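When the letters of the sequence shown are read in order and numbered with the numbering used here, they come out as residues 90 to 405.
A virtual CB, placed ideally from N, CA and C, is assigned to each residue, including glycine.
Everything numeric in this text was worked out from a predicted model, so none of it was measured.
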Amino acid sequence: MMIPAERPPDDPRNAPVYLRKTLVANGHNDRTIRQLVADGVLVKVRPGGYSDKKNYDQLDAAGRHGLKARAAFQQARTDVVLSHVSGVPEYDAPTWGLDLSDVHLTRLDGKAGRHEAGVHQHCGRLRDGDVVERHGMLVMTPARLALEVTTVTSAEAGLVVVNHFLHCGMTTKDELMDRYAVMERWPNSLRTGLVLHRADARVETVGESRAVHLMLSAGLPAPIPQYEIRDEHGDVIHRVDFAWPEFGVSLEFDGKVKYEKYLKPGQRASDVVIAEKKRERRICDLTGWRCIRLDWSDLGRPAATAALIRAELYRG
90 MMIPAERPPD
100 DPRNAPVYLR
110 KTLVANGHND
120 RTIRQLVADG
130 VLVKVRPGGY
140 SDKKNYDQLD
150 AAGRHGLKAR
160 AAFQQARTDV
170 VLSHVSGVPE
180 YDAPTWGLDL
190 SDVHLTRLDG
200 KAGRHEAGVH
210 QHCGRLRDGD
220 VVERHGMLVM
230 TPARLALEVT
240 TVTSAEAGLV
250 VVNHFLHCGM
260 TTKDELMDRY
270 AVMERWPNSL
280 RTGLVLHRAD
290 ARVETVGESR
300 AVHLMLSAGL
310 PAPIPQYEIR
320 DEHGDVIHRV
330 DFAWPEFGVS
340 LEFDGKVKYE
350 KYLKPGQRAS
360 DVVIAEKKRE
370 RRICDLTGWR
380 CIRLDWSDLG
390 RPAATAALIR
400 AELYRG
């Protein structure tokens, strides 16, 4: 299992969170705290928790949730671990489709959890190795988080997280399946098995994970991810996102991140698009296959997109 390095100390996601009791102990009162917020010095990240606004303004939704989780972690009256969706940002994993409105914590005292004031406390039985320390807080490991997320979100969003952890080497399919075998009593775990069945370490991006979910949910034949294309000499010259060799069809997902990945110094996005079209022609010349291209808008209309793919697969 490969755990990524922690963020550098000056990363705005590591900005300190000031609890009200700490500010009061340093000479402030509710009036002066409100004034600091009004003046744009502090921002309230949750009741009784504040952070520097200049840092907060640099963060996306996941980063802001991280500060809110940090405040809730410090405010907890018992030992807790960041879990479920609240552990995901600590590994810089994608939060697409996750509900970040509540902080999720798991109690270590074995008592029943509760849901109040924007904090969802869980009661979970921990095994050795389930918890690590990251960025000054206790956080569930990627393997545990991957399974937990599937119990509080959709199968599609859960697959995005699970595939990310698998692709980055932070857990393995075997590890997840072994852990899943002993989680029968976890609440809301009915979709976990479905997500694990569809999970694949070869799937690289959020868009690709969503495309897999769309295709399999529609009953389409499972494609081969990251399929290698070889030239006349047998050398690998390209890779397509998905392929159905038996149907003579490949599929590419065109996302902004993908084009940014291929962007070289001095190039524009249009240069990459032109290069992609040449690459597609080369692949078609070598294989004789037809190519389907999807983008984010196609994922937002799954029924129509599944029909398009089905028609292309069974054409003729």
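Please work out which residues of its chain come closer than 6 Å, Cβ to Cβ, to residue i, disregarding the five sequence neighbours upstream and downstream, and give them in chain order.
i: Thr195; result: Val170, Ser172, His211, Gly213
i: Asp263; result: none
i: Arg109; result: Gly137
i: His193; result: Ser172, His173, Val174, Ser175, His209
i: Arg233; result: Asp219
i: Tyr107; result: Tyr139
i: Asp320; result: Ile326
Give the single residue among the options whose Cα lies nearest to the Cα of residue i.
i: Gly377; options: Ser339, Asn115, Trp385; result: Ser339
i: Ala311; options: Ala165, Arg399, Ala182, Asp168; result: Arg399
i: Leu309; options: Asp267, Arg123, Pro391; result: Pro391
i: Arg87; options: Ala114, Tyr139, Asn115, Asp387; result: Residue 87 falls outside the range modelled here, since the chain spans only 90 to 405, and no answer is possible.
i: Ala244; options: Ala288, Val220, Ala160, Pro101; result: Ala288
i: Glu222; options: Ser306, Val113, Lys367, Arg159; result: Arg159
i: His302; options: Gly389, Asp119, Arg166, Gly116; result: Gly389
i: His204; options: Ala165, Pro231, Leu215, Asp181; result: Ala165
i: Ala307; options: Asp119, Leu397, Arg216; result: Leu397
i: Val251; options: Gly207, Gly199, Ser298, Tyr316; result: Ser298
i: Arg216; options: Gly199, Lys157, Gly116; result: Gly199
Cutting at 7 Å between CB atoms, please list the residues of its own chain near residue i, excluding the five before and the five after it.
i: His224; result: Glu95, Arg96, Asn103, Glu179
i: Glu349; result: Any reading at Glu349 is ruled out, since the residue's pLDDT is 49, under 50, leaving its predicted position unreliable.
i: Asp387; result: Thr394
i: Arg368; result: His327
i: Pro231; result: Tyr180, Phe254, Met259, Thr260
i: Arg379; result: Gly337, Val338, Glu401
Are residue i and residue j close, meaning C-beta to C-beta below 8 Å?
i: Phe336; j: Ala300; result: no
i: Cys134; j: Val177; result: For the sequence presented, residue 134 should be read as Val rather than Cys. It is not a contact, given that the beta carbons lie outside the stated cut-off.
i: Ala235; j: Thr261; result: no
i: Val325; j: Asn277; result: no
i: Phe162; j: Met229; result: no
i: Tyr269; j: Leu285; result: yes
i: Asp219; j: Leu197; result: no
i: Met304; j: Ala395; result: yes
i: Val249; j: Pro314; result: no
i: Pro101; j: Leu131; result: no
i: Ile372; j: Glu401; result: no
i: Ile318; j: Leu375; result: yes
i: Pro93; j: Asp181; result: yes
i: Gly129; j: Lys142; result: yes
Residues in the same chain with beta-carbon distance under 8 Å from residue i, minus the five sequence neighbours each way, listed in chain order, please.
i: Lys347; result: With a pLDDT of 49 at Lys347, under the threshold of 50, the predicted position of this residue should be treated as unreliable, though the coordinate-derived value follows. Contacts found: Thr294, Gly296.
i: Gly282; result: Tyr269
i: Ala246; result: Trp185, Gly186, Leu187, Val238
Given 8 Å, three or more beta-carbon pairs between the stretch 277–296 and the stretch 246–259:
These segments touch.
Stretch pair the stretch 318–333 + the stretch 257–276: three plus CB contacts closer than 8 Å
Taking a contact to require three or more Cβ pairs closer than 8 Å, the stretch 318–333 and the stretch 257–276 do not qualify as touching.
When you compare the stretch 185–193 with the stretch 113–127, are there three or more beta-carbon pairs, one atom per stretch, that lie closer than 8 Å?
The stretch 113–127 and the stretch 185–193 do not touch, with fewer than three beta-carbon pairs separated by less than 8 Å.
So within the stretch 237–319, which uninterrupted beta strand (DSSP E) runs reach at least 3 residues, ignoring any that extend past its ends?
Counting only runs of 3 or more, we get 313–319.
Secondary structure, alpha helix (DSSP H): runs of 4+ residues fully inside the stretch 215–240
Note on the stretch 215–240: whole alpha helix (DSSP H) runs with a minimum of 4 residues are 231–238, in chain order.
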